Every structure is written in C-alpha cells, then in structure tokens.
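A.B. asks: Residue numbers for the sequence shown follow UniProt numbering, beginning at 1 and rising by one. C-beta: ideal position from N, C-alpha, C; glycine also. All figures in this text were calculated on a predicted structure; none of them were measured in a lab. Here you go, one structure.
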Amino acid sequence: MTVEGVADAGSDDAMTAQGMVTVTTHAARLFMPLAELVDLKKEKARIEKELKKNRAELDKLEAKLGNPGFVNKAPAHVVEAEQDRAEKLRALLAKLEESAASMA
Numbered sequence: 001m002t003v004e005g006v007a008d009a010g011s012d013d014a015m016t017a018q019g020m021v022t023v024t025t026h027a028a029r030l031f032m033p034l035a036e037l038v039d040l041k042k043e044k045a046r047i048e049k050e051l052k053k054n055r056a057e058l059d060k061l062e063a064k065l066g067n068p069g070f071v072n073k074a075p076a077h078v079v080e081a082e083q084d085r086a087e088k089l090r091a092l093l094a095k096l097e098e099s100a101a102s103m104a
C-alpha cells in the first residue's frame, strides 16, 4: 500500500474487511495482510496454546494471591511483584484474545 493508499485507507472495519489483521500498540495501530504472511491455521494454534499456558499461569498466581497465608507472610515487595505479574498476564491475555478474535 502506498502512502496515498494509507491516507485513503478509511475505517478500521474497511481494513479488516480487506483481509487485514489489526495489531494495536500503545503508540500505533497497524494493519497487516496476515493471510499472505503466515499460515493462519498454525498461527491460530499458536495463539490458542499461548492462551492456555497464560491462563493456567494466571490461575496459579490468582490462587497464590488469594491465599491469606502467602499475602500475610510474604514481604510486601514480593506480593506487589506477583500482583504486577498477574496484571501483565491479564493484559497479555486480552491481547491474545483480541488476536484470536480477529482471525475467527
């Protein structure tokens, strides 16, 4: 797509309809022709595997943080680090779910 084409690209829906996958970051929103670059079946499988792995990790962290014995006995900086890790996992899961939905 040329620079002029980018200016005339239109809405997000138009780009998605053209077979583009949206990649969103804090600084930009990119549209990529994923079907031309990646084996979609393999990419869907990879994302599902990542979702499963990260959900399991988040479940363990939430159980740990929900355990009063851990929260009361661990140093505050350790509890805060685990809370930060859980928050990052939630954000990662949201992005992975968005990616999976964009390929559905």
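Below 8 angstroms CB to CB, which residues in the same chain sit around residue 61 once its five sequence neighbours on both sides are set aside?
C.D. replies: So the list reads 82, 85, 86, 89, once near-sequence residues are dropped.
A.B. asks: Report the rounded CA-to-CA distance for residue 65 versus residue 96, giving the unit in angstroms.
C.D. replies: Residue 65 and residue 96: Cα-Cα distance of roughly 23 angstroms.
A.B. asks: Helix, strand or coil for residue 113, going by three-state DSSP, please let me know.
C.D. replies: In the structure as shown, the chain begins at 1 and stops at 104. Residue 113 is therefore absent and cannot be evaluated.
A.B. asks: Use the C-beta contact count for residue 158: other C-beta atoms within 10 angstroms, 16 or more gives buried, fewer gives exposed.
C.D. replies: Outside the modelled stretch of the chain, which goes from 1 to 104, sits residue 158, for which no answer is possible.
A.B. asks: Assuming the contact rule is C-beta atoms closer than 8 angstroms, residue 108 and residue 23 should be a hit. Round their C-beta distance to whole Å, please.
C.D. replies: Residue 108 falls outside the range modelled here, since the chain spans only 1 to 104, and no answer is possible.
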